[in-house]
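A quick write-up on the structure given underneath.
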Amino acid sequence: MEVEIHTEVFNDIYLKYLQDVTPFQILYGGSSSGKSVFLAQRCVFDLLQGGRNYLVAREVARSVRGSVAQEINKVITAWGVQSLFKVNKTDGTITCHNGYQCVFTGLDDVEKLKSITPAKGVFTDLWIEEATEADEASVGLLLKRQRGGSDEIQKRVTLSFNPILQTHWIYTTYFASLNWADDQQIYQDENILILKTTYKDNRFLTKQDIYRLENEKDEYLYNVYSLGKWGVLGDVIFRNVHIVDLNDETSEYYLPEAQRTNRRYGGDFGFSNDPAAIPCIHLDKMRKRIYIFDEFYERGLTNQELAPECIKLAGRERMKWDSSEPKSIQELQIAGVNAVPANKGKDSVNFGVQWLQGYEIIISSNCINAKREFTTYHWKKNKDGDSMRIPVDKDNHLIDATRYALEDDMEDSWLIS
Ligand SMILES: Nc1ncnc2c1ncn2[C@@H]1O[C@H](COP(=O)(O)OP(=O)(O)O)[C@@H](O)[C@H]1O
Ligand SMILES: [Mg+2]
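Under numbering that gives the first Met the number 0, the first residue of the sequence shown is numbered 0, with each subsequent residue one higher.
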C-alpha cells in the first residue's frame with residue numbers, strides 16, 4: 000500500500016531532519032514553534048514506513064496520553080491514514096497495519112517501564128516530550144535501558160521541551176559543555192543534534208498567537224517563551240523550594256501516603272487560556288513546611304467536568320476557590336464539592352507570598368506544574384530593570400490557589416505575631 004505525504008505539511012526547518020538518525024537529538028525552543036507537531040509527524044511517518052517502534056514518555060503518565068497521543072492521532076487524521084492504524088482505547092498504544100507501534104508511558108510509572116516492549120522488534124525511538132519536567136535520575140534510567148542492542152538498528156533518543164532556567168540539569172548536562180550560545184540555532188555532530196526553533200519557524204500559527212508572543216512584556220517570559228532562550232532569573236520569589244520524590248525513604252522530606260494529613264486545598268479557575276489549578280497540600284506548622292503532594296492542572300473543563308475531579312482529589316474536604324467567580328463556586332457546590340470563596344483581602348498577594356517565604360515549600364517531583372510555577376515565580380521589574388516587589392501575574396495558578404488554601408493558617412499566624 001502506498002501513502003503519499005506532501006512536503007507542504009511540514010514546517011521547512013524540520014523537514015531535513017525527518018530521516019535524520021543522529022542518536023541523540025534535542026529539539027527545543029520557544030513555545031508554539033512546531034516541535035511537538037513535527038515530532039508527531041515524524042512518528043507517524045516512521046510507523047508507516049516500518050522498521051521503527053516508538054516509546055513516547057513524559058514525566059507523568061496521565062499527561063502523556065492527553066497531549067502527545069492526541070497530537071499523533073491528529074496527524075494520522077490530517078493525513079487521512081486512519082484506516083492503517085489501530086488505537087488501543089485503554090493505554091493509547093497506536094499500532095500500524097505493518098505491526099510497528101507507538102507506546103506511551105510516564106516516567107513515574109516505573110513498574111510499567113521495566114516490562115514494556117513493542118509487539119515486534121525493539122523500541123528504536125525514545126521520545127521524551129516536555130523533558131524539562133522530568134528529573135535527571137528517571138531520564139538517566141530510561142537512557143541506560145535504551146542503550147545496547149545490535150548495531151544494525153539505528154536507535155534514536157529525542158528530547159523536546161521549552162527551556163526554563165539555565166540552572167536546569169538539561170542545560171548543565173548538554174548545553175554548558177558545548178558553550179552553547181543562545182542565538183545559535185543548530186549544533187550537530189555524529190552523536191548529538193540540537194535544533195532550536197521559535198514561533199518564527201512555524202508558518203501555521205495564527206495572528207493571535209504571534210501577537211501574544213511578540214507582546215509579552217515580562218523579560219523572562221519573553222526570552223524563554225517567545226525567543227526560546229534559556230532563562231536567567233535574579234529575582235525569583237521563592238528560594239525555599241525543594242523538589243523531591245516524597246516516597247524516597249532516604250530523603251529528609253520523605254512523606255509517605257499515610258502521613259499526608261492536615262490537608263489544605265485551594266483552587267484557581269480557568270478555561271481556555273488559563274488552566275483550572277488545584278494544589279493538594281499537607282501543612283506541617285511545627286516544622287514550617289508546606290508539602291504539595293499532588294496537583295490538578297487542566298484547561299478546557301466546564302465546572303460540571305471539574306467537580307468530579309475536585310471530589311477525586313479532596314473528597315468532601317473544604318476547598319478555597321478564587322472568590323472572583325462566585326457563579327463557578329456555586330456550580331461546584333451544587334455538584335457536591337465543598338467549595339468556599341477565599342477572602343482575598345487587601346494586600347493578600349504580597350502578604351501571602353511573604354508568609355510562604357517563611358516556609359519550606361516541598362513539591363513532589365510528580366507535580367510538574369507546581370514545580371515550574373514555584374521555581375520561576377519572580378518579581379516584576381520597572382523600566383530601569385529594578386525589582387518592583389510585585390510578583391509577575393503569570394504562570395501562577397497553583398501559587399494563587401496555594402495562597403487561598405492556606406489563608407486561614409496565615410490569619411492565625413497574623414493574630415499570634
Ligand atoms: N506542520 C504543521 N501543520 C499544521 N499546523 C501546525 C504544524 N506545526 C505546528 N502547527 C500549529 O502550530 C501550533 C503549535 O505547534 P506545536 O508543535 O504545538 O509547538 P511547540 O510544541 O513547539 O510548542 C500547533 O498547535 C498547530 O496548530
Ligand atoms: Mg510542544
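Beta carbons: idealized from backbone N, C-alpha and C, even for Gly.
- Counting along the chain, no alpha helix (DSSP H) covers H241; the unbroken beta strand (DSSP E) around it starts and ends at V240 to V243.
- The C-beta of Q183 has fewer than 16 other C-beta atoms within 10 Å across all chains shown, which makes the residue exposed.
- Distances from the CA of S137 to each of E324, G266, S31 and K113 were compared; the closest alpha carbon is that of K113.
- Placement of the Cβ of F160 at a distance of 6 Å or more from every heavy atom of ligand 1 is found.
- Nearest to A118 by alpha-carbon distance, out of S30, L106, N97 and S35, is N97.
- For N272, the closest alpha carbon among the candidates R298, Y290 and K85 is that of R298.
- Judged by their CB atoms, H241 and I361 are nearer to each other than the 7 Å cut-off.
- Every residue with a CB closer than 6 Å to a heavy atom of ligand 2 is listed here in chain order: K34 and S35.
- Just so you know, the alpha carbons of K311 and I277 end up roughly 12 Å apart.
- In chain order, C279 place their CB closer than 6 Å to the CB of D293, counting only its own chain and leaving out the 5 sequence neighbours on each side.
- In this structure, N72 has its beta carbon at no less than 6 Å from each heavy atom of ligand 1.
- Taking 6 Å as the cut-off, one finds at least one heavy atom of ligand 1 near enough to the beta carbon of F203.
- Taking the Cβ atoms as the reference, V36 lies roughly 6 Å from E70, within the contact range of under 8 Å.
- Across the structure, K284 and N214 are spaced so that their CA atoms are roughly 42 Å apart.
- Contact between the segment 79 to 96 and the segment 156 to 168 is absent, with fewer than three C-beta pairs closer than 8 Å.
- In terms of Cβ geometry, E129 and R57 form a close pair [threshold 7 Å].
- By the neighbour-count definition (other C-beta atoms within 10 Å, threshold 16), A257 is an exposed residue.
- Rounded to whole angstroms, the separation of the alpha carbons of Y13 and T6 is 11 Å.
- Taken through DSSP and simplified to helix, strand or coil, H96 comes out as coil.
- With a threshold of 6 Å, the Cβ atom of N10 counts as near ligand 1, since some heavy atom of the ligand is closer than that.
- Boundaries for S66: no beta strand (DSSP E) harbours it, and the DSSP string shows neither H nor E there.
- The DSSP assignment places no complete run of the alpha helix (DSSP H) inside the segment 274 to 304 (cut-off: 4 residues).
- Between the segment 258 to 266 and the segment 301 to 318, the count of Cβ pairs shorter than 8 Å is three or higher; the stretches touch.
- Here the alpha carbons of E316 and L300 stand approximately 21 Å from one another.
- Between the segment 222 to 238 and the segment 65 to 82 there are fewer than three inter-stretch CB-CB distances shorter than 8 Å, so the stretches are not counted as touching.
- Annotation for K15: no alpha helix (DSSP H) segment contains it, and DSSP assigns it neither H nor E.
- The beta carbon of Q40 sits closer than 6 Å to the beta carbons of V74 from its chain, once the five residues preceding and following it are set aside; these are given in chain order.
- In this structure R402 is buried. Its beta-carbon is surrounded by 16 or more other beta-carbon atoms within 10 angstroms.
- The beta carbons of R51 and D124 sit about 6 Å from each other, so the pair counts as a contact at 8 Å.
- By the CB criterion at 7 Å, A341 and S322 fall inside the cutoff.
- The shortest CA-to-CA distance from L46 to any of Q24, I25 and L83 is the one to L83.
- Taking 7 Å as the cut-off, the Cβ atoms of K287 and S159 do not count as close.
- Residue environment: S364 is assigned as buried (16 or more neighbouring CB atoms within 10 Å of its CB, all protein chains considered).
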